[in-house]
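Asker: Pasting a structure here, questions to come.
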Amino acid sequence: MTCRILVVEDSPTQAAALGMLLEQAGNEVVIARSAESALEQLAAAPFDVVLTDIVMPGMNGYDLCRRIKGDPESRDIPVVLLTSLSDPMDIVQGLECGADNYITKPYDPDHLLARVRHVLDNRRLRLNAKTSLGVNVRFLGKDLAITSEKEQILDLFISSVEDVVRMNAALLQSQRALADAHARLEAFAQEKAHEARVSDARYRALLHNAGDAVIVLDSDGRIVEANPRATELLTRSANELSRQKLVDLLPAAGLEELRAGLLR
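Residue 274, in this note's numbering, is where the sequence shown stops; the numbers in between run on with no holes.
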């Protein structure tokens, strides 16, 4: 079912991302960059639901919600607060100003769309309710009629929010610890890479400046590296010596023992 949604978000990037997500799900979306602009949009045309950020320049999301719920023309429009859920007071203040629900940042696309459908389903249930006793809600795909006292509902809700915020705080702490460990590992890797470069530079300097001929062979006796003194004695360049077998370059006379040792 297509819905007309008013998104109130002062961040152009977040507003565009949220608007695109909702439009891709088949909804009509109007973006308001401030609470004042949102009130103008609401006065000009009807909306099925309002999604509003809490922290905005000028009028904040709580005050906007109070204005919407205090106007007989718009009081039945569900208002959903966009919150980081870093403080339980976000939800308590949302209840105080009459908000219908909340969505946490950053948004999980499937969860966000499901929460909007949930809010609209609850609105439909309450508008069509035959009784004024208790409250009608949709929970986990089922329509329920809750007849508990509002204080009981509020106590249960606040306890649930506290648990969620506590879990969220623990997750954030774990993420920070993981990021810190990753940073330390990256610093250690960079330090070791620097040490390796310094060690290689020292090796190259010693090899190049050595007064004796130095030749590095692989397991097959082929030349991998030769310093300037070695190329001078063998009268060949380093490129010419590369991958050659040393025993093939040595004179035969008096070097049988050396040849045998290199061939072992």
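Where is the CB? At the ideal position from N, CA and C, for every residue including glycine.
#1: Could you work out which residue in 58, 256, 205 and 112 is closest to residue 83 when comparing CA atoms only?
#2: According to the neighbour-count rule (16 or more other Cβ atoms, all chains shown, within 10 Å of its Cβ), is residue 218 buried or exposed?
#3: Assuming residue 61 and residue 92 are in contact, meaning their beta carbons sit under 8 Å apart, how far apart are those beta carbons, in whole angstroms?
#4: Hey, how far is the Cα of residue 232 from the Cα of residue 214?
#5: Would you mind reading off the limits of the alpha helix (DSSP H) that contains residue 38?
#6: Check residue 219 in the structure and name its three-state DSSP category.
#7: Given this structure, state the Cα-to-Cα distance separating residue 42 from residue 88, to the nearest angstrom.
#8: Is it buried or exposed for residue 196, if we count other Cβ within 10 angstroms and need 16 for buried?
#9: In the structure shown, what three-state DSSP assignment does residue 23 receive?
#10: List the DSSP bridge partners of residue 255.
#11: Suppose you measure from the CA of residue 290 to the CA of residue 21; what does that come to, to the nearest Å?
#12: Mapping DSSP to helix, strand and coil, what is residue 214?
#13: Using 8 Å as the Cβ pair cut-off and three pairs as the minimum, do the stretch 43–54 and the stretch 70–86 touch?
Answerer: Reading from the atomic positions:
#1: 58
#2: exposed
#3: 6 Å
#4: 19 Å
#5: Note, residue 38: premise wrong, no alpha helix (DSSP H); beta strand (DSSP E) at 38–42.
#6: helix
#7: 16 Å
#8: exposed
#9: helix
#10: 232
#11: The requested residue 290 does not occur in the structure, where the chain is confined to residues 11 to 274.
#12: helix
#13: yes
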